[in-house]
Each structure stands twice: as structure tokens, then as C-alpha cells.
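Beneath this line is the structure, given in C-alpha cells, with notes to follow.
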Amino acid sequence: MLVIGIAGGTGSGKTTVVHNILRDLNAESVIVISQDNYYKDQPELSFEERSKINFDHPRSIDFELLKEHVAALKNGESVSQPVYSFITHSRQDETILTHPQSVIIVEGILVLTDADLRELFDVKIFVHADSDERLIRRVRRDIQERGRDLDEVLTRYQKTLKPMHQQFIEPSKNYADIIIPNMKKKNSVAIKVLSTVIKEKLNSKTTV
Ligand SMILES: Nc1ncnc2c1ncn2[C@@H]1O[C@H](COP(=O)(O)OP(=O)(O)O)[C@@H](O)[C@H]1O
Ligand SMILES: Nc1ccn([C@@H]2O[C@H](COP(=O)(O)O)[C@@H](O)[C@H]2O)c(=O)n1
834 MLVIGIAGGT GSGKTTVVHN ILRDLNAESV IVISQDNYYK DQPELSFEER SKINFDHPRS
894 IDFELLKEHV AALKNGESVS QPVYSFITHS RQDETILTHP QSVIIVEGIL VLTDADLREL
954 FDVKIFVHAD SDERLIRRVR RDIQERGRDL DEVLTRYQKT LKPMHQQFIE PSKNYADIII
1014 PNMKKKNSVA IKVLSTVIKE KLNSKTTV
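Every number in my numbering is 833 more than the matching position in the sequence shown, counting from 1.
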């Protein structure tokens, strides 16, 4: 089994990189755990109150549950992944029953900030795109897919996203084994290198 942590700022292209890797590998042997599903649920707060949460600070993530799930999968056990809604800022009622596979990808803005979680990763990756590019992508995506308007995205960016990125996410790049530049349309070379590294690691693990 190989556990890969993929971090990077919002809009850097983590999800896109994961999809490209899945396309290159036998997708059946890969599972993806998204840190986004592990946002803490706060049903006691109103929607207005939940909208004001700083979602870019590590304390907004239920790292204990995330680590418990990654450790269980490494141990060959199945887990029930929570499902999170960006529209309501809350956990959904349903969960995703996830079975262990030979490759486990854990992706999210903060996955390299937690020392114990980093210990569970065999390979640590950071996806890089500069802040202008990430903001442009975030505006487009959040308006199209996450029910936001321009004012919401820009206010969140100024108030919490940018300072948290500088304080927590950018410094976590130092823990990465591989940094993928994702400024141009698609970094096919990086995806190929990554898929090859994964295939080689998997082969060497099975022959040890
Ligand atoms: N290399 C790229 N060039 C242009 N757009 C991209 C690129 N990578 C990702 N995107 C787009 O940017 C947005 C954010 O990408 P996504 O993969 O969701 O980022 P993340 O998961 O890091 O937040 C998506 O709409 C995606 O289609
Ligand atoms: N209810 C929420 C929860 C999180 N966010 C933002 O999502 C970003 C992380 O997701 P990516 O797919 O972009 O990596 C993070 O920057 C949070 O600000 C949100 O807007 N609403």
C-alpha cells in the first residue's frame, strides 16, 4: 500500500492533478480521501454563523477523524467517509463506505500542516500555482459550483484565505518531496513522473 498526501493552496489544482493521476493509473486500485469532507460539523450554529467560519485555519478540520480513517485504511480496515456540503457549510447525512486499496491519495489545502498526518504519508506532494491564478480559478469555481457570489469569494479571500495561506499552507510546502507547478493548462510531464513514481513504489513494495 502507498499513501500519498497532496497539498497546495485553494485553486492550485489538487483535484485536477488527482483526476489526471487516476486517468494514468488503474483507477480501481486507488482511493481518494478529500480533506474537505473532514470539515468540522457545527449544526448548533445558524447558516449565517457557519458562513463566517475561517475555513482555511487548521482548527476547522477534524484532523483526529481524518488521521483515524487514514490509519484504519493503512491497517486494511474500511471506513465511512463523511460527506461535506459547501452550499450549507455542513456534513450531509450520508457517508461513503471506503475500502482500502493499494494506493490511497489524501488531498487538501492543509494535509501537510499536521505532523502526525504527515507521518502516515509515503510520498508528500505540493501543487503550486501563483496567487493571482488561484484567485481567478477560485472566483470562477465558487460562483459556478459552490453557490457563492463575487463579493463572498473576495471578502473571504482578503479576510481569512490569504492570511491563512501565508501562515499555514505555503510553509507546508517545505515538507513536500515533490512540487508540481500547475500554472499552464496541464502539466503532463509532472503527471507522468508522478504516475511512474507511484507504479515503481508499488512494484518495489510488492517485491520486498
Ligand atoms: N492547470 C490549470 N489550468 C487552468 N485551470 C485549471 C488548471 N488546474 C485546475 N484548473 C481549474 O481551476 C479550478 C480549481 O481547480 P481544482 O483542481 O478544483 O483546485 P483545488 O482542488 O486545488 O482547489 C477548477 O475549475 C479547475 O478546472
Ligand atoms: N464551507 C466551506 C468550507 C471550505 N471553504 C473553502 O474551501 C477551500 C478548500 O477547498 P479547495 O477545494 O479549494 O482546496 C478553502 O480555501 C476554504 O476557504 C469554503 O469556501 N466553504
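Virtual Cβ for every residue (Gly too), placed ideally from N, Cα, C.
_Touching by the beta-carbon criterion (3+ pairs, under 8 Å), the region 837 to 847 and the region 995 to 1004_ = yes
*Exposed unless 16 or more other CB atoms sit within 10 angstroms - verdict on A948*: exposed
*Going straight from the alpha carbon of K1025 to that of P876, what length do you get?*
43 Å
*Decide if the region 900 to 912 is in contact with the region 958 to 972; the criterion is three or more beta carbon pairs, one per stretch, under 8 Å apart.*
no
_Distance CB(E940)-CB(T849) smaller than 8 Å_ = no
_Spatial distance of R883 from I1031 (CA atoms)_ = 39 Å
*Helix, strand or coil for V1041 per DSSP?*
For V1041, the pLDDT reaches just 42, beneath the cut-off of 50, and the residue's location in the model is therefore unreliable, leaving the point undetermined.
*Going by the C-beta, is I942 closer than 7 Å to any heavy atom of ligand 2?*
yes
*Under a three-way DSSP split, which group does I886 fall into?*
coil
*Quick one: measure Cβ to Cβ for Q894 and L968, integer angstroms, because I've assumed they're closer than 8 Å.*
The amino acid at residue 894 is misidentified as Gln; the sequence shows Ile. With a Cβ gap of about 22 Å, I894 and L968 do not count as contacting.
*With distances taken Cα to Cα, identify the nearest neighbour of N853 among K1018, K1034, Q868.*
K1018
*DSSP state of S1021 mapped onto helix, strand, coil*: helix
*Is the beta carbon of T946 within less than 7 Å of some heavy atom of ligand 2?*
no
*Does the Cβ of Y872 lie closer than 7 Å to at least one heavy atom of ligand 2?*
yes
*How is H998 classed by DSSP in three states: helix, strand or coil?*
helix
*Bridge partner(s) assigned by DSSP for T928*: P915
_Can you find the residues in the same chain that come closer than 6 Å, C-beta to C-beta, to Q925, ignoring five residues on each side of it along the sequence?_
V916, S918
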